[in-house]
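All the letters of the sequence shown, read from the start, carry residue numbers 7 to 301 under the working numbering.
Each remark here refers to the structure printed beneath this line.
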Amino acid sequence: MTSTQTAKPETHVGAMPVLGLLGAILSVQVGAAFAKGLFPVLGSEGTTMLRLAIGALMLAAVLRPWKVLPSRKTLPWLAAYGITVCAMNMLFYAALQRIPLGICVALEFTGPLFVAMLGSRRLLDLVWVALAITGIVLLSPFADARSGLDPLGVVLALAAGACWGLYIIFAQKAGAELGVRTSAYGMAIAAVLALPFGFSAAQPYLADPHIMAGAAVVGLFSSALPFYLEMLVLARMPAKVYGMLVCLEPAGGALTGFLFLHEKLNLLQCAGVAAVIAAAFGTAVAARRPVPLPA
């Protein structure tokens, strides 16, 4: 989720909010697919830097964060949020360079999934923990040596998931004062932090209209469009329905990877993705707060 608002608590929901959220989920995955197409030229670091910079400009134009300045009390949480956004995107794109999109998203999704499980004391939640761990095992290179899955890519995706979990915590802390403008501030901080890592790779192509157009598409589909769609649906969708639909994120990644990147998952990998989705769905049914999409 690219904002810090939550869905409304009512139980009725129409078709349009559901379609809007599904559109936001697919938009994030399409943005990732376009980003992967830039890796041969920019590398993961250059692509991440441009994605964050363009996303920051788009969110700043929409949210005008300077109208609400953070207090000294909120600044440490906001800084931690921006650092986490940068690390999450850097790690995710580095993982995406090495492993299929569907697997990358499913592994990353385990981070917020475990955060959502924290504090639960129900015996049934152990089932969801077991399912999530099963999914991770099935998606690891040790489950099927013939898959040729890059172990480093798996580790990077899990690390991105850990950052996603921290992102949720820091977003709530900073968002208590800044609201949706937290996303704009966090993206700007992340873009500045990503400059040392990606500028040298991106600098030769900053005047290339084709590369910059591709980067703009990544920024649009990964940041601006899903943010806009979520802002439309959050006030019209029950929190529990929102949480359950977001569980389709790994499936959206696998579908997008298949359609746009021609990435095929074997039976064990499909089972791993399904296990993560099932664990997330079971957790979302009883969760107090829905799992947000990453910025």
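Built from N, CA and C at the ideal position, the CB exists for glycine as well.
query, result
"Asn272 burial status per 10 Å Cβ neighbour count (16 or more: buried)", "exposed"
"Length of the line joining the Cα atoms of Met218 and Ser50", "15 Å"
"The stretch 139–148 / the stretch 81–90 touching (three or more Cβ pairs under 8 Å)", "no"
"Runs of beta strand (DSSP E) wholly within the stretch 217–259 (minimum 3 residues, chain order)", "none"
"Among Gly43, Lys73 and Ala277, nearest to Leu184 - alpha-carbon criterion", "Lys73"
"Span separating the alpha-carbon of Ala59 from that of Arg128", "43 Å"
"Beta-carbon proximity list for Val47, same chain, < 7 Å, skipping 5 on both sides", "Tyr211 and Ile217"
"Inside the stretch 119–201 only - alpha helix (DSSP H) runs reaching at least 4 residues", "131–144 and 157–184"
"Inter-residue spacing [alpha-carbon to alpha-carbon] between Ala21 and Val291", "20 Å"
"Supposed contact pair Leu119 and Ala285 - C-beta distance, whole angstroms, cut 8 Å", "6 Å"
"DSSP state of Asn272 mapped onto helix, strand, coil", "coil"
"Cβ distance (whole Å) where Leu251 is taken to contact Leu27 below 8 Å", "5 Å"
"Among Asp214, Val36, Arg104 and Thr80, the one whose alpha carbon lies nearest that of Gly154", "Arg104"
"Glu269 vs Phe115 beta-carbon contact at 8 Å", "no"
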